[in-house]
Amino acid sequence: MITGLGVASVFVTDYDEAKAFFVQKLGFTERHDLVLDNGYRWLTVGPSASPELQLSVTVPGPPVHDDETARMLRTLLAKGVLSGGAWNTDDCRATFELYTSRGVEFLQEPQERPYGVEAVFRDPFGNWYSLNETNRAAFDAAAMKDAFPELA
């Protein structure tokens, strides 16, 4: 039985720049940074509040990808069309202010949504992430209908 998500992956073009972004700008913790026997660099980071979750930071190329696949992934990164997922926060607006002060590029300032408050930011490689402060009532169908009758 699956009990949770342990490792998620995101593609980047530079390991060290990615490590600096996630650790210094987002405040994540470095979990692993080592080179395996096959030459693959295993770099993982994660939010301190979620010690069981690791984000694997991967540069497209050998030994994981052939040249054509690596080229395609780099093209998608350059276009900014890859999503790195959604991160939860207790206070979207405060986190937005903190990350903005650290130089994180936001594509969308915090906005009220039926599911909570959401902002969207981008990493230096073009991946975009949703930053969510969850509205607990969003998981209650009756409360959602009352709060947002236009969705009913």
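Residue numbering for the sequence shown follows UniProt numbering, starting at 1 and increasing by one per position. Ideal Cβ positions, reconstructed from N, Cα and C, are used throughout, including at glycine.
Leaving out five residues on either side along the sequence, give the residues of the same chain with a beta carbon under 7 Å from the beta carbon of Gly85.
For this step, residue 85 is matched to residue 85 along the sequence shown. Excluding residues within five positions, the ones whose Cβ falls inside 7 Å are Ala8, Tyr129.
Do the stretch 43-62 and the stretch 107-126 make contact, defined as three or more Cβ pairs closer than 8 Å?
no
What is the DSSP secondary structure of Thr3, counted as helix, strand or coil?
The residue labelled residue 3 in the question sits at position 3 within the sequence shown. Coil at Thr3, not helix or strand.
Can you name the start and end residues of the beta strand (DSSP E) that Tyr40 belongs to?
Taking the first residue of the sequence shown as 1, we reach residue 40 at position 40. Unbroken run through Tyr40: none, as it is neither H nor E.
Which residue or residues does DSSP assign as beta-bridge partners of Leu131?
Walking along the sequence shown from the start, residue 131 turns up at place 131. Trp87, Ala119, per the DSSP bridge assignment.
Could you tell me whether the stretch 105-115 touches the stretch 54-63, where touching means 3 or more Cβ pairs closer than 8 Å?
no
Tell me the residue span of the alpha helix (DSSP H) that contains Ser101.
Translated into positions along the sequence shown, residue 101 becomes position 101. That run of the alpha helix (DSSP H) goes 92-101.
Does the beta-carbon distance from Phe125 to Leu77 come in below 8 Å?
Walking along the sequence shown from the start, residue 125 turns up at place 125. Walking along the sequence shown from the start, residue 77 turns up at place 77. Their beta carbons are under 8 Å apart, which means Phe125 touches Leu77 by this criterion.
With distance defined between alpha-carbon atoms, name the residue in Pro51, Gln24, Asp37, Gly27 nearest to Tyr5.
The residue you call residue 5 lines up with position 5 of the sequence shown. Just to set this straight, residue 5 is Leu in the shown sequence, not Tyr. It is Pro51 whose Cα lies nearest to the Cα of Leu5.
Please list, in chain order, all residues of the same chain as Thr13 whose beta carbon is under 7 Å from its beta carbon, the five residues on each side excluded.
The sequence position of residue 13 within the sequence shown is 13, counting from 1. Val59, Arg74, Leu77, Phe125.
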